[in-house]
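**Student:** This is the structure, below, for whatever I ask next.
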Amino acid sequence: FFGTYGGLLCGFGGFLTAIAAFLYARARVAEFERATHDLDWQQVSELSLDVAKLKKASQKWQNNMNAQEAVSLKNLKEQALMQSLMQQNGNVQQIRKVEM
173 FFGTYGGLLC
183 GFGGFLTAIA
193 AFLYARARVA
203 EFERATHDLD
213 WQQVSELSLD
223 VAKLKKASQK
233 WQNNMNAQEA
243 VSLKNLKEQA
253 LMQSLMQQNG
263 NVQQIRKVEM
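In this note's numbering, each residue carries its 1-based index in the sequence shown increased by 172.
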């Protein structure tokens with residue numbers, strides 16, 4: 173039975189699956205069209221530009237904050253190095269130059 177009609181049954185099942193997928197996709201597109209029917213696309217484009225400007229300003233601010241942290245970290249490292257050099261200089265005796 174399946175040898176004779178198996179291919180036909182699989183083909184018909186695939187056809188029905190394709191029709192169901194098409195109807196589902198069409199329903200989704202129709203729902204999207206209904207939702208955006210009265211949308212003012214000019215305002216949408218202006219809002220997207222505003223969002224892009226805010227994102228750029230936020231990135232610039234974040235970069236400035238990172239730069240300040242890097243500078244303060246560099247200053248802390250320099251201070252620690254200077255303190256360690258000062259401590260070492262206190263323990264080191266001067267080398268005397270002896271002429272022969």
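Think of the CB as a built atom: it goes at the ideal place given N, C-alpha and C, for glycine as much as any other residue.
This structure is a prediction, so every number in the text was calculated from the model and none was measured.
(1) Taking the alpha-carbon positions, what's the residue 209 to residue 197 distance?
(2) DSSP on residue 243, reduced to helix/strand/coil?
(3) Three-state secondary structure (DSSP) at residue 211?
(4) Alpha carbon to alpha carbon, what distance is there between residue 190 and residue 184?
(5) Given this structure, state the Cα-to-Cα distance separating residue 256 from residue 227, to the nearest angstrom.
**Tutor:** In terms of the structure at hand:
(1) Approximately 18 Å between the Cα atoms of the pair.
(2) If DSSP states are grouped into helix, strand and coil, residue 243 belongs with the helices.
(3) In the three-state scheme derived from DSSP, where H, G and I count as helix and E and B as strand, residue 211 is classed as coil.
(4) Rounded to whole angstroms, the gap between the alpha carbons of residue 184 and residue 190 is 10 Å.
(5) One C-alpha to the other measures close to 43 Å.
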